[in-house]
Amino acid sequence: SFMEYLYYQNVRTVPIGIDWDHLEVERYATMATKLLKENPEIDGIMAPDLLAMAFYKAALRLGRKIPENFAVVAYDGTYVISTSPTDLTTVQQPIEELAKSTVRMMMDLLHGHGSKAGTWQLQLPVNISYGQSTTRGRM
Numbered sequence: 066s067f068m069e070y071l072y073y074q075n076v077r078t079v080p081i082g083i084d085w086d087h088l089e090v091e092r093y094a095t096m097a098t099k100l101l102k103e104n105p106e107i108d109g110i111m112a113p114d115l116l117a118m119a120f121y122k123a124a125l126r127l128g129r130k131i132p133e134n135f136a137v138v139a140y141d142g143t144y145v146i147s148t149s150p151t152d153l154t155t156v157q158q159p160i161e162e163l164a165k166s167t168v169r170m171m172m173d174l175l176h177g178h179g180s181k182a183g184t185w186q187l188q189l190p191v192n193i194s195y196g197q198s199t200t201r202g203r204m
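Positions in the sequence shown are counted from 1; adding 65 to them yields the numbering used here.
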């Protein structure tokens, strides 16, 4: 898994649960600012697009230099990234193919085909778009 890979690369991670029933930018900005103030050793974040943008803005407000001492990687690659004030490094997931595959799996389950719910595995290729929020994007 991704977390295992990071562990074996000696990357310390701090998974944080987010309440996804409130997609409010200001709420995320407040949370990001609080988290960065309480944990000044954090040197980067990988988060869904909207949350990544909130961390980017919070880091700048707190005087962090991006990407020199704080990196931001967004994942999903939705339209939200196009509203970003900067070119964020983004892991772009194939959203349309994810949706189609999910519907196919659900239809198979409804018609009695395939395996039980919770045992499906789907691997799709992703694209990484290097932006200005990581050092690789600055090369």
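Beta carbons: idealized from backbone N, C-alpha and C, even for Gly.
Open item on the list: With DSSP as the reference, identify every bridge partner of Tyr140, one or two as the case may be.
Closed with: Sequence index remark: in the sequence shown, residue 140 carries index 75 (1-based). In the DSSP output, where bridge partners are listed per residue, Tyr140 has Pro113 and Val156.
Open item on the list: Excluding the 5 residues flanking Asn104 on each side, which residues of the same chain have their C-beta closer than 8 Å to its C-beta?
Closed with: For this step, residue 104 is matched to residue 39 along the sequence shown. Excluding residues within five positions, the ones whose Cβ falls inside 8 Å are Val79.
- [ ] Just the C-alpha distance for Met204 and Ser194, rounded to the nearest angstrom, thanks.
- [x] Against the sequence shown, residue 204 aligns to sequence position 139. Against the sequence shown, residue 194 aligns to sequence position 129. Note that Met204 scores 44 on pLDDT, short of 50, meaning its location in the model is unreliable and no value can be drawn from it.
- [ ] Look at the Cβ atom of Ala117, then the Cβ atom of Ile107, and state whether they are nearer than 8 Å.
- [x] The residue you call residue 117 lines up with position 52 of the sequence shown. The residue you call residue 107 lines up with position 42 of the sequence shown. No, Cβ-Cβ distance for Ala117 and Ile107 is not below 8 Å.
Open item on the list: If I measure Cβ to Cβ from Tyr93 and keep anything under 6 Å in the same chain, skipping five residues before and after, which residues do I get?
Closed with: Stepping through the sequence shown from its first residue, residue 93 is reached at position 28. Closer than 6 Å at Cβ, skipping near neighbours: Leu116 and Ala119.
- [ ] Assign Ser194 to one of three DSSP states: helix, strand, or coil.
- [x] On the sequence shown, residue 194 is found 129 positions in, with the first residue counted as 1. Looking at Ser194 - three-state DSSP - the assignment turns out to be strand.
TODO: Go ahead and label Gly82 buried or exposed: buried means 16 or more other beta carbons lie within 10 angstroms of its beta carbon, across all protein chains shown.
DONE: Here the question's residue 82 lines up with position 17 in the sequence shown. With fewer than 16 Cβ atoms within 10 Å of its Cβ, Gly82 is classed as exposed.
TODO: Assign Leu187 to buried or exposed, taking buried as 16 or more other Cβ atoms, counted over all protein chains shown, within 10 Å of its Cβ.
DONE: Reading the sequence shown from its first residue, position 122 is the one you call residue 187. Exposed, because fewer than 16 other Cβ atoms sit within 10 Å of the Cβ of Leu187.
- [ ] Determine the DSSP secondary structure at Lys130, reduced to helix, strand or coil.
- [x] Within the sequence shown, numbered from 1, the residue matching residue 130 stands at position 65. Here Lys130 sits in coil by DSSP.
Task: Backbone secondary structure at Phe67 - three-state DSSP - done: Sequence index remark: in the sequence shown, residue 67 carries index 2 (1-based). In the structure shown, Phe67 sits in a helix (DSSP, three-state: H, G or I).
- [ ] With DSSP as the reference, label Glu89 as helix, strand or coil.
- [x] In the sequence shown, counting from the first residue as 1, residue 89 sits at position 24. Here Glu89 sits in coil by DSSP.
Open item on the list: Just verifying my parser: in three-state terms, what is the DSSP assignment at Phe120?
Closed with: For this step, residue 120 is matched to residue 55 along the sequence shown. In the structure shown, Phe120 sits in a helix (DSSP, three-state: H, G or I).
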